[in-house]
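Note sheet for the following structure.
Residue numbers (the working numbering): 1 to 567.
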């Protein structure tokens, strides 16, 4: 149904309403240089249970085009939004979805008094509040390590200065030069209507006036920010770092550029539908739990789904417990069902959801079934920790082919299976993730006592660094953790090649005494695993000896070789 809303200053706004009248109402506000047609793809992907309202803002599409620049001030735009909301849903709060300048005016209206009690939720895409953006820029200018982020955002926003000058921007749009430049940066954006682009320049000229230093006002409605990772105009930080002013905040980093609304409407529609359904009293999906920020979070990894292999003891158990204490739900895997059950009991004490799977990481088919079941029953994991491993010592010439194969199958193929089976699901989901591969200090030491183990762990390290480069564009981090001598119990099952059972037991006891005396606990490694995920670190060396060995291997490789050379 098409209708018209006439504003208090006499401007006629073209409004379109679709969907059942009794359904929750979603009001969509477009940005510049678009009109309401921006939302067509999203509307087609939304469920029928949502009533959708779109309108051409003043100066765009079929709405009126006042000539006075002051008619495009944010206060006036906020009044327009309130009048549309009152016209289409006079008795029930609406949900807002806005993009670019549509988001800017929605933020302004919500921070003021225009929409008090009239909005149930707000989803913002590529359009921060001008007050929030100014405060973000000023706060980061005070700290040397964040000045770079300010410079990058100012460069992204440099077009604003051009749009504020007279005549030239108008000519650029009328001659097609500006449209060609936009398409070069954002292929998803079709050629805008010239009249919309020219008239819409008043948005910049009326509202961007020098440095803003006012303190932003809080926005109290539930807010979801969909931040396109490749937006050439609005950085992720300036859109999303809002906890100070938005107590009920969710942030989802999604693939795409500034016009992700057109390029990937199904993804936008899905996120909006989840949010609207939840605010209306429906289930909070895992994606929404994962997107919580600030006061909504009950731990650093609240709502995240974490998979840990080799979780039956040692580093795996400590890592599972550390994630659980920070609010993550766990999927635990190990070949030993009894030790796995012990870990699960300990983790449940943290009050999180836990599922367990007995699986041999060396078995490709078993791992494929495991990954499929996790995704089907629990969802796509946010973090996968490939920890399962076995020990192997002894000279190369005395290590049998069978021993080599078992070591490679568990310590390398186990990591490879975990990455290659879960990473595609993370990529398809489009909201990032993290893979953690437990390597070892042995990865960068040519140790003749651990040649097979060192070789395989070196492969894990290089594989992790290569995969990190490959998955960076998908916002998926990969970390290799290289601990030193940690009392995990791995030495009690380590194979010593070329020895009989009695000699093996003697060497295991001797190694265990050394590890016990060293007293580096698995919890130390677990702490660094969480830090690696949180800060997206490439390589982590949890113990003093691991840090020293990595430094020596990098800066004094000849000395390292001399130390280990047999004479």
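Cβ coordinates follow ideal geometry from the N, Cα and C atoms, glycine included.
Any Cβ of chain D within less than 8 Å of the Cβ of residue 464?
-> Of the protein chains in this structure there is only one, and it is not chain D.
Whole-number beta carbon distance between residue 245 and residue 222, since they are thought to touch under 8 Å | Not a contact, Cβ separation roughly 14 Å.
Residue 612, DSSP secondary structure in three states | Residue 612 is absent from the structure shown; the chain starts at 1 and stops at 567.
Jot down the residue ranges of each uninterrupted alpha helix (DSSP H) in the stretch 410-442, minimum 4 residues, whole runs only, in chain order.
-> 414-429
Beta strand (DSSP E) runs contained entirely in the stretch 100-168, provided each spans 3 or more residues = 119-125
Apart from the five residues on each side of it in sequence, which residues of its chain come closer than 7 Å, Cβ to Cβ, to residue 293?
-> 243, 249, 250 and 251
Quick check: the stretch 305-323 against the stretch 346-354, are there 3 or more CB pairs under 8 Å?
-> yes
With respect to the beta strand (DSSP E) encompassing residue 254, which residues constitute its N-terminal and C-terminal limits?
-> 249-254
Beta strand (DSSP E) segment containing residue 278, residue limits = Unbroken run through residue 278 is the alpha helix (DSSP H), 265-279; no beta strand (DSSP E).
In its own chain, which residues sit with a C-beta less than 6 Å from the C-beta of residue 279, not counting the 5 before and 5 after it?
-> 120, 121 and 222
Segment limits, alpha helix (DSSP H) that includes residue 372 = 364-377
Residues sharing a beta bridge with residue 329, DSSP = 305
Which value, in whole angstroms, describes the spacing of the CA atoms of residue 344 and residue 355?
-> 8 Å
Mapping DSSP to helix, strand and coil, what is residue 228?
-> strand
Got a sec? Which residues, its chain only, sit under 6 Å from residue 2 by beta carbon, not counting five neighbours each side?
-> 16
Is it right to say residue 567 is buried, meaning 16 or more other beta carbons lie within 10 angstroms of its own, or is it exposed?
-> Residue confidence is low: residue 567 scores 43 on pLDDT, short of 50, so the model does not pin down where it sits. No coordinate-derived value is stated.
Would you kindly check if the distance between the Cβ of residue 291 and the Cβ of residue 257 is under 8 Å?
-> no
Contacting residues, own chain, Cβ-Cβ under 7 Å from residue 100 (five flanking each side not counted) | 31, 32, 126 and 127
For residue 564, count neighbouring C-beta atoms within 10 Å of its own C-beta (all shown protein chains included) and say buried if the count is 16 or more, exposed if not.
-> exposed
Segment contact, 8 Å Cβ cut-off, at least three pairs: the stretch 385-403 with the stretch 444-456 = yes
Outcome for residue 438 when other beta-carbon atoms lying within 10 angstroms are tallied against a minimum of 16 | buried
Measuring CB to CB, does residue 361 end up less than 8 Å from residue 418?
-> yes
Local Cβ density within 10 Å of residue 163, reported as buried at 16 or more and exposed below that = buried
Indicate the three-state DSSP secondary structure (helix, strand or coil) for residue 490 in the structure shown.
-> helix
Would DSSP call residue 240 helix, strand or coil?
-> helix
Burial state of residue 305, where buried means 16 or more other Cβ atoms lie within 10 Å | buried
Inter-stretch contact (C-beta, 8 Å, three-pair minimum) for the stretch 296-305 and the stretch 63-76 | no
Under a Cβ-count criterion, where at least 16 other Cβ atoms within 10 Å of its own Cβ denotes burial, should residue 376 be classed as buried or exposed?
-> exposed
Residue 479 - partner residues in DSSP beta bridges = 436
Secondary structure at residue 567, three-state DSSP: helix, strand or coil?
-> The predicted model places residue 567 with a pLDDT of 43, which falls under 50 and marks its position as unreliable; any figure quoted below should be read in that light. Residue state, collapsed to three classes: coil.
Residue 273 versus 224, 405, 247 and 91, residue with shortest Cα-Cα distance | 224
Under a Cβ-count criterion, where at least 16 other Cβ atoms within 10 Å of its own Cβ denotes burial, should residue 338 be classed as buried or exposed?
-> exposed
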